[in-house]
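If you're matching positions, the sequence shown starts at 1 in full-length UniProt numbering and goes up one per residue.
Data first, discussion second: the structure below is written as structure tokens.
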Amino acid sequence: MIKFTILLRRRPGTSHEDFVSYHKNNHAALFASLPEVKQYVRRYVQCHPLPVTLPGLPPPEYDGITEIWFDNAESIEKVFGAKDYMELIRPDEEKFLDLHGCSFLISTEHVVI
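As structure tokens, this is what we get:
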């Protein structure tokens, strides 16, 4: 399987708490409602940092992570290039994300433990 990982930064002026709440309670359901998501997405996970600091390490640079699993790379394009995605999801993302501050990685997993 292919994993699409998106490192998320919240929109300037949005509190971390409001960002997490919107991501979990509004955006997730809207994204999951798309026919293309139902057809091509195998797993969708949201992660949000805990208020934990570790000695010698800087604070997190991102406000969350989205992980989405697909059967292949072509399926990613079918979801993120879909008309419904561009018309419904992209405007929703602009409500709570700093789109230019986000990063992504398309990868395969190598399980060690």
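Here a beta-carbon is modelled for each residue, glycine too, at the ideal position from N, C-alpha and C.
Residues bridged to residue i [DSSP beta-bridge criterion]
| i | result |
| --- | --- |
| V111 | Per DSSP, none; premise fails for V111. |
CA nearest to the CA of residue i, picked from the options
| i | options | result |
| --- | --- | --- |
| S15 | T5, Y62 and P55 | Y62 |
| P35 | M1, A82, L7 and H27 | A82 |
- Query: What runs of the alpha helix (DSSP H), each 4 residues or longer, lie entirely inside the UniProt domain "EthD" (11-99)?
  - Reply: 16-22, 28-32, 35-40, 73-80 and 90-96
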